[in-house]
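Here's the structure, in structure tokens; my notes come after.
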Amino acid sequence: MKKTTRKKIIPPRRKIKRLPPTAPAARDEGPRLLPLDETTKEPSRLEHYLDLADAALGLKKKPVQ
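My numbering puts the first residue of the sequence shown at 29, with every later residue one more than the last.
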């Protein structure tokens, strides 16, 4: 029977240097994926359910049209 030999794993040649968070090169200058403001265009479902509960209990007055 033939013995199988394992190949040696060659470590990567380049080493990455870690930057301290206070270094100028560590600043975040990429695009923001999430908006920072909390404004929403439509009310959430929770707010809708709370409005329905208030209307059912008679706590919320009908808006004047």
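Heads up, the beta-carbon is just placed ideally off N, CA and C, and yes, glycines get one too.
Looking at the unbroken alpha helix (DSSP H) that takes in residue i, where does it start and where does it end?
| i | result |
| --- | --- |
| Asp56 | Unbroken run through Asp56: none, as it is neither H nor E. |
| Arg73 | Arg73 to Leu85 |
Going along the chain, which residues of its own chain have a beta-carbon closer than 7 Å to the beta-carbon of residue i, five neighbours each way excluded?
| i | result |
| --- | --- |
| Asp56 | none |
Among residues of its own chain, excluding the 5 on either side of residue i, which ones have a beta-carbon nearer than 8 Å to its beta-carbon?
| i | result |
| --- | --- |
| Lys43 | none |
| Ser72 | none |
Are residue i and residue j close, meaning C-beta to C-beta below 8 Å?
| i | j | result |
| --- | --- | --- |
| Ala54 | Leu61 | no |
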